[in-house]
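Protein chains in written order, with full-length UniProt numbering: chain A, 1 to 674; chain B, 1 to 674. By construction, the Cβ of each residue, glycine as well, lies at the ideal position given by its N, Cα and C atoms. Encoded as structure tokens, the structure appears first; notes follow it.
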């Protein structure tokens, strides 16, 4: 093990040391920078007993794309980097402030009050304060008492309340109590029947109503910690590690990752989680790196539940915009969350008071050796010559896990030497369940229980997951077009003079405006390609990247239903928009209690021109989830994703000349005896 | 390395030795058995100069399902096994004979002449003989001479000719010449313009026509052997092996594989390739194995090309039925085709003369450690308690690679401890190309070139791949039903008294007859589940397995076009039929020159009852392939598949009690110095 750990150590230290060496325009704000931002703002808005000022979002104020590109393309980055700025969303006396701080001049560049709909992300501290408040709230304690529950076993969690046509949208949240009492699997024992609203600005209970006393699922069967489970155990699996005798194949310099033919910047944001930037691939024929992805990240997750009743109707989460997919990212466990050959990165973000906090191991990066074949061929037609040429596949994965309460979302960005970028979302964790009076389907009286009985007195409620990615593709440059290459059936022309009656061919349409590029997948056979119309291969094919979608799901809610209006960005599986610095969050900059007036769908209705423009692709990975008993008490991962694959981007197979793995270098391994 | 090789050695030897110990009803015919079959038949049909008798197919005559099941369910299999029989398809004087030989009584049980449409599979020897014939054929040599080609560099390959309405369908094949001359990548240098038919029974040239002299692509750029490629090389990847300190977790006893909670039989057939039988999973709560898959295998591959011209219109292959997906399976390379921890199996099949021949390493079996997460949860709501529980995922993969001429098909059967069975098909190898006069799109005069210019004077022709699997599911027993669980949008009832306007719920329909179970995927949101209506979970849910489809593709040919009539089994993505011993091959028992009168589509038209019956699922993995330059000269693997996932089959998460991997057991590894 020694040598192995040693390898890991080297890498992480490379990372840590050089991360402090120079600052890349896309680097997340460093600890000193976060302190600076706090100091600058604190001068103008000194916090005091009379003056509440909270930091709801602190992140990098994205530098102008043109500046980043010219800096990035300059030799050794020897020109002046773009100005380094922080973007802060704060709450001050019930108002939302947007503040931009310049880190060089240490000055506030802009400071305005936001007057539109919707509220900033909920911070962890605010949620904790709110739930603590409820736990101390006398009427709530009385309700628990009336239910004969032991307060010390009650856990209160926070939930956004959505928007359902209300004129005023103060910064309120709903809180939901759960009863542990013998369980640690909080979410499987909800205490229903109460409406408890907390005002986050005033930090006061805004409404409390005990509507009814519902049933409560049992604690037994909810345990998932191996240490507390009883035999029989199993299935039992053998231990294994991926061993790389020459060490990992990637280098991390600050936040820039270099591996095989790939180079990209990896960053972290409290709302998006991982951000991949300036991903480019080295073309051995051209002997240079070529741009592919300027910026790619999770933009929003829409998770509506399908029970319209009072306890459930509002559960229509916009996880990233309301809870922060980065804020909810968890510390990853070596060997289990990520394989033995993984390297980890920490995150440094600002707390509610603006001061930096660190979370360790929120990202892991590893080379994936799944036993796949990159390409192969066996040739047996050539007389006296049996040829078998094979290249095993390897890829590089950057992983985060975002746990928004009950659900754990595994988000993988995978890079392949063949040029493909695969993005996959895995769902695991714990179901959201509804307590019921019965344990068997035969006892069901209602005509619709909105889910499946997954355990005694427990219904796993039907729901969707729509995971929307923003992909600012720059295929070999910023001027790109979106091609819809439809496959159409043709009758064989008489001239062919063959008995074959039909065949298919491609009918190419370039999307002129946004309307042409709204795609519901699976409705007709077509290839979707982002091309650079100014670049052609030596054979005249347009240089491009193709979207290979995975299984898709579309929204089933009424288009006029409030949650769907707010999540109208899921109305299509694929959208293309012209690059616009302000269009980053598909649900709008202010998603909590939003009214759907700042969504991808709204932007797209402007129907802007997208031909030969700097365009952005939006792709939604969708799941309809009808729970089953296997999902209880924890859910085996269900993963889906999509692939961006080079299509006439290279002149030939880009991994043709990848050298095969040298068998002689296989290591000598002996089990450790302790 | 020592210890590691040692581990491999043990396993393979276990396999080899015990494979000879006892014979499982599903074991492929052994070498002695094949000899026996040959002797028995040879007695009746002595081969002589006047009497041509060839073995076109020799395989296990599938024993009655009822007998297999009662044998399999008997304790220690201590009852009489089903009779062991061979099924032989032979050609004798231009007639097809079907012969069943009983291996115990050493007698011919039945022997009849087949009179229907279509011909048996082409054997490798027949194809070699036919192409050798052409190479010696004077008019052909003259044509080559006229083209100024060097005969010693000409390679001839065989192609089936399909069926296009001809009344008579003698056993003819078309042959296609290629010109190596500096290349070993045969398929990239076709010599077009000739029609050359060979009669396989008479082994004579049936037709020769030199229609025109076409262009010929260059040899340079077609090389793919690393030994012959020139710098620059790359991208360069680091070596890695999966090391299992306790050795592999699976045991192979004869052809029975046991791993984690899985047990299944693995066999090999010249037409189907790998056959998975009697797959069952151990349920720790019930403390017993439970049936899932009685038999699963590749049934057919339909690969139509989309150029209707004289040189191409007939290229509409039924790869398994015409060329044998098992016959075309290649010997797998350790470390590259399969990871370092793989174990290999050989195949023993009958040659054209009925005598056994062995091919080594046609199957590999390995544990896949891709760095995935089986399930996880981080709980942070419980005060003073931060819980993170994670199980890394491991699966067992059985792999074959079938190389039908230019294309290499990677077929993986993957078993997961969570109960999922994943089947994936990877496409790699070499494109089929058409020589053209031009090198650049600007030179194209035709309105349709039927593909993409992938290299100088070379068009990669558009085509499809439809890979159809036969899955005889027995979910917890043979009586199963097929459920279509549609997701339908509902308006919120007034009674709910909430502002939520809509939600979705499930509308369950049980397929009564075959017509109800023909599914074109992607047309509506629905879950497809095979259930055992006689078994319910303790909560009353029907025990079942769900089909999770991957990306799908449907046929685009005219329904009345000859190739589509023969491949009508691709008209739907999913079919359900009642179990019928004779319905195994979706394209019919005799696929070569078939007329579509014995396809899955024809069987299904009988519209038999399938509710509470022993049913078989048919699933087609589809690809529309518009070639791109990256596919030249070899193609990076493009993989697709589907998953069969337990859905209320278990009472709870079946891997909840899987013990986490013990970090302390990680090995000490040092690079080998030689």
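Here residue 608 (chain B) has 514, 578 as same chain residues with Cβ atoms under 6 Å from its own Cβ, once five neighbours each way along the sequence are excluded.
Residue contact with chain A for residue 540 (chain B): present (Cβ-Cβ distance below 7 Å to some residue of chain A). With fewer than 16 other Cβ atoms inside 10 Å of its own Cβ, residue 446 (chain A) counts as exposed.
Only those residues of the stretch 219 to 230 of chain A whose C-beta falls short of 8 Å from the nearest C-beta of chain B are listed: 221, 224, 225, 226, 229. Between the C-alpha atoms of residue 122 (chain A) and residue 632 (chain B) there is a straight-line separation of about 51 Å. From the beta-carbon of residue 375 (chain B), the residues of chain A found nearer than 7 Å are 428, 634, 635, 636, 637.
Within chain A, no C-beta atom comes nearer than 7 Å to that of residue 136 (chain B); the closest sits roughly 13 Å away.
Interface criterion met: the Cβ of residue 556 (chain A) is under 7 Å from a Cβ in chain B. Assignment of residue 27 (chain B) by DSSP, reduced to helix, strand and coil, places it in the coil class. In this structure, A:313 is the residue among A:256, A:313, A:346 with its C-alpha nearest to the C-alpha of residue 562 (chain A). Look at the beta carbons and you see the stretch 276 to 285 of chain B not touching the stretch 547 to 557 of chain B: under three pairs across the two are nearer than 8 Å. In terms of Cβ geometry, residue 492 (chain B) and residue 620 (chain B) do not form a close pair [threshold 7 Å].
Note that the C-beta distance between residue 273 (chain A) and residue 402 (chain A) is below 7 Å. Comparing C-alpha distances from residue 264 (chain A) to each of A:413, A:384, A:102, A:541 shows the shortest one belongs to A:413. Minimum Cα-Cα distance from residue 605 (chain A) among the listed residues A:518, A:534, A:298, A:442 corresponds to A:518. Using a Cβ-Cβ cut-off of 7 Å, residue 265 (chain B) does not count as an interface residue toward chain A, since no Cβ of chain A sits closer than that to its own.
Shown here, residue 138 (chain B) sits in a helix according to DSSP, grouped into three states.
Taking the Cα positions, residue 102 (chain A) is about 48 Å away from residue 660 (chain B). Cβ neighbours of residue 531 (chain B) within its own chain (closer than 7 Å, five residues either side excluded): 475, 480, 481, 483, 542, 543, 544. Nearest C-alpha to residue 587 (chain A) among A:241, A:31, A:470, A:89: A:470. The C-alpha of residue 558 (chain B) is placed about 13 Å away from the C-alpha of residue 487 (chain A). Rounded to the nearest whole angstrom, the C-alpha separation of residue 395 (chain A) and residue 646 (chain A) is 15 Å.
When 9 Å is used as the limit between beta carbons, residue 597 (chain A) is near no residue of chain B, the shortest such separation being about 18 Å.
Against residue 365 (chain B), chain A offers no close residue; the least beta-carbon distance is about 11 Å (beta-carbon pairs closer than 8 Å). The Cβ atoms of residue 430 (chain B) and residue 458 (chain B) do not sit closer than 7 Å to each other. The alpha carbon of residue 637 (chain B) has as its nearest neighbour, out of A:438, A:524, A:417, A:400, the alpha carbon of A:417.
497, 498, 499, 500, 501, 502, 503, 504, 505, 506: these are the residues of the stretch 497 to 516 of chain A whose beta carbon lies less than 9 Å from some beta carbon of chain B, given in chain order. Chain-order list of chain A residues neighbouring residue 379 (chain B): 184, 186, by C-beta distance under 7 Å.
Closest in alpha carbon position to residue 341 (chain A), among A:368, A:330, A:329, A:362, is A:368. Per DSSP, the unbroken beta strand (DSSP E) holding residue 488 (chain A) starts and ends at 479 to 491.
Look at residue 320 (chain A) here: in three-state DSSP terms it is helix. When the five nearest sequence neighbours on each side are left out, the beta carbons in the same chain lying within less than 8 Å of the beta carbon of residue 612 (chain B) are those of 479, 480, 481, 533, 534, in order along the chain. By the CB criterion at 7 Å, residue 322 (chain B) and residue 591 (chain B) fall inside the cutoff. The beta carbons of residue 197 (chain A) and residue 204 (chain A) sit no closer together than 7 Å. Rounded to whole angstroms, the gap between the alpha carbons of residue 498 (chain A) and residue 304 (chain B) is 15 Å. For residue 648 (chain B), the nearest beta carbon of chain A is closer than 7 Å to its own beta carbon.
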